[in-house]
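K.L.:
All residue numbers for the sequence shown refer to my numbering, where the first residue is 341 and numbers rise by one.
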Amino acid sequence: MGSRMVNNLVKAGFKVTVNDINRDVMKMFTEMGVSARETPYEVAQDSDVVITMLPSSSHVMDVYTGTNGLLREENAIRPALLIDSSTIDPQTTRKVSLAVSNCNVKEKRDNWEKPVMLDAPVSGGVLAAEAGTLTFMVGGPEDAYLAARPILQSMGRTSIYCGGSGNGSAAKICNNLAMAVSMLGTSEALALGQSLGISASTLTEVLNTSSGRCWSSDTYNPVPGVMKGVPSSRDYNGGFASKLMAKDLNLAATSAEEVGHKSSLISKVQEIYKKMCEDGHETKDFSCVFRHFYNGKDEV
Numbered sequence: 341m342g343s344r345m346v347n348n349l350v351k352a353g354f355k356v357t358v359n360d361i362n363r364d365v366m367k368m369f370t371e372m373g374v375s376a377r378e379t380p381y382e383v384a385q386d387s388d389v390v391i392t393m394l395p396s397s398s399h400v401m402d403v404y405t406g407t408n409g410l411l412r413e414e415n416a417i418r419p420a421l422l423i424d425s426s427t428i429d430p431q432t433t434r435k436v437s438l439a440v441s442n443c444n445v446k447e448k449r450d451n452w453e454k455p456v457m458l459d460a461p462v463s464g465g466v467l468a469a470e471a472g473t474l475t476f477m478v479g480g481p482e483d484a485y486l487a488a489r490p491i492l493q494s495m496g497r498t499s500i501y502c503g504g505s506g507n508g509s510a511a512k513i514c515n516n517l518a519m520a521v522s523m524l525g526t527s528e529a530l531a532l533g534q535s536l537g538i539s540a541s542t543l544t545e546v547l548n549t550s551s552g553r554c555w556s557s558d559t560y561n562p563v564p565g566v567m568k569g570v571p572s573s574r575d576y577n578g579g580f581a582s583k584l585m586a587k588d589l590n591l592a593a594t595s596a597e598e599v600g601h602k603s604s605l606i607s608k609v610q611e612i613y614k615k616m617c618e619d620g621h622e623t624k625d626f627s628c629v630f631r632h633f634y635n636g637k638d639e640v
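Here it is, written out as structure tokens:
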């Protein structure tokens with residue numbers, strides 16, 4: 341995701357400096373003429389705005405507050421705006437945002453005496469990141485969101501302001517819960533249809549012109565052979581890995597528990613994606629539940 345977002349920032353004319361623990365990614369960008377630095381701290385030294393895209397809450401904490409993190413010089417940092425596009429829990433987001441707000445900026449810009457963090461997770465997956473059509477769900481101060489919009493628009497088609505710090509992360513968790521549930525429902529319906537003698541293509545046409553229509557049926561169909569250009573058409577490679585969906589469902593479950601929200605569906609979809617990972621499908625796109633959980637058949 342992050343590498344595709346960088347490509348779009350470069351295309352939009354931004355001067356970009358990158359850091360990644362993957363040396364091959366660093367090499368790829370330096371060969372393109374993009375600057376690279378060895379640590380997040382060094383990136384912060386070069387940047388007015390920092391964007392992070394990381395796998396988990398622990399990675400975000402380390403990149404921001406670790407030994408070589410963005411906030412290593414806690415009293416004064418160069419970036420006035422820090423945007424985290426990782427999918428993490430709202431509690432960690434708010435903790436990191438507080439750490440950012442406790443710093444000062446080295447050079448006062450406009451009316452910003454303090455650096456500001458936005459949580460801006462994305463929806464759309466690798467394909468949308470590559471095409472520059474992501475949706476950003478943004479939490480944090482509204483004036484910072486307005487300042488960040490030109491940057492977000494270079495990487496995405498839509499940005500939605502969700503409110504205060506952590507609300508972008510909360511929106512992403514809720515979105516992915518809905519996405520997981522709809523994928524399971526669509527996969528189960530299509531597999532049942534096959535068992536009842538209806539082809540997946542025919543049933544997909546019914547769903548997409550009826551009340552069952554959803555993103556999982558009309559844009560990201562899980563049945564191999566029904567739709568071109570989606571992970572199911574390439575043996576479920578690429579896209580959004582099942583292990584990442586399992587991680588996001590764990591975040592949703594934890595968040596629901598913390599606020600005392602009754603959530604019967606979370607536990608069921610958690611159970612299914614946990615089993616998918618245990619059965620060796622953790623790197624396959626999450627739509628592979630159609631084949632590996634519901635035993636659905638390819639469209640011939």
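Glycine residues also receive a C-beta, built at the ideal position from the N, C-alpha and C atoms.
Return the CA-CA distance between leucine 641 and cysteine 628, expressed in angstroms with no decimal places.
P.N.:
Since the first and last residues shown for the chain are 341 and 640, residue 641 lies out of range.
K.L.:
If I measure Cβ to Cβ from glutamate 453 and keep anything under 8 angstroms in the same chain, skipping five residues before and after, which residues do I get?
P.N.:
Within the same chain, glutamate 453 has close Cβ partners Asn444, Val445.
K.L.:
Helix, strand or coil, according to DSSP, for aspartate 364 in the structure here?
P.N.:
Residue state, collapsed to three classes: helix.
K.L.:
With a threshold of 16 other CB atoms inside 10 Å of the CB of isoleucine 612, please say whether the residue is buried or exposed.
P.N.:
By the 10 Å Cβ count, isoleucine 612 comes out buried.
K.L.:
According to DSSP, simplified to helix, strand and coil, what is aspartate 588?
P.N.:
Helix at aspartate 588.
K.L.:
Looking at the secondary structure, which residues open and close the beta strand (DSSP E) in which threonine 392 lies?
P.N.:
Where threonine 392 is concerned, the enclosing beta strand (DSSP E) stretches over 389-392.
K.L.:
Could you say which of Thr559, Lys637, Gly480, Leu517 lies nearest to aspartate 575 if we only look at CA atoms?
P.N.:
Ranking Thr559, Lys637, Gly480, Leu517 by Cα distance to aspartate 575 puts Lys637 first.
K.L.:
Between the alpha carbons of alanine 379 and asparagine 359, how many angstroms are there, rounded?
P.N.:
Per the sequence shown, residue 379 should be read as threonine rather than alanine. Distance between the alpha carbons of threonine 379 and asparagine 359 is about 6 angstroms.
K.L.:
For methionine 616 and leucine 422, I'd like the C-alpha separation in whole angstroms.
P.N.:
Those two C-alpha atoms are separated by around 35 angstroms.
K.L.:
Grab me the residues of glycine 506's own chain with a C-beta within less than 8 angstroms of its C-beta, minus the 5 sequence neighbours each way, in chain order.
P.N.:
Pro430, Gln431, Thr433, Arg434, Ser437, Asp459, Gly479.
K.L.:
Counting only the same chain and skipping the five closest in sequence on each side, list residues whose C-beta sits under 8 angstroms from that of isoleucine 500.
P.N.:
Hits under 8 angstroms: Thr475, Phe476, Met477, Val478, Ala511.
K.L.:
Thinking C-alpha only, which one of Glu618, Lys602, Gly600, Phe354 is nearest alanine 586?
P.N.:
For the residues Glu618, Lys602, Gly600, Phe354, the minimum Cα distance to alanine 586 belongs to Glu618.
K.L.:
Determine, using beta carbons only, whether valine 563 and alanine 540 come nearer to each other than 7 angstroms.
P.N.:
Their beta carbons are under 7 angstroms apart, which means valine 563 touches alanine 540 by this criterion.
K.L.:
Among residues of its own chain, excluding the 5 on either side of alanine 469, which ones have a beta-carbon nearer than 6 angstroms to its beta-carbon?
P.N.:
Around alanine 469: Met341, Arg344, Met345.
K.L.:
Helix, strand or coil for tyrosine 501 per DSSP?
P.N.:
If DSSP states are grouped into helix, strand and coil, tyrosine 501 belongs with the strands.
K.L.:
Helix, strand or coil, according to DSSP, for asparagine 635 in the structure here?
P.N.:
Correct three-state label for asparagine 635: coil.
K.L.:
Tell me which residue opens and which closes the beta strand (DSSP E) that leucine 458 is part of.
P.N.:
Per DSSP, leucine 458 belongs to the beta strand (DSSP E) from 456-459.
K.L.:
What is the rounded straight-line gap between the Cα of valine 440 and the Cα of lysine 355?
P.N.:
Each residue's alpha carbon lies about 23 angstroms from the other.
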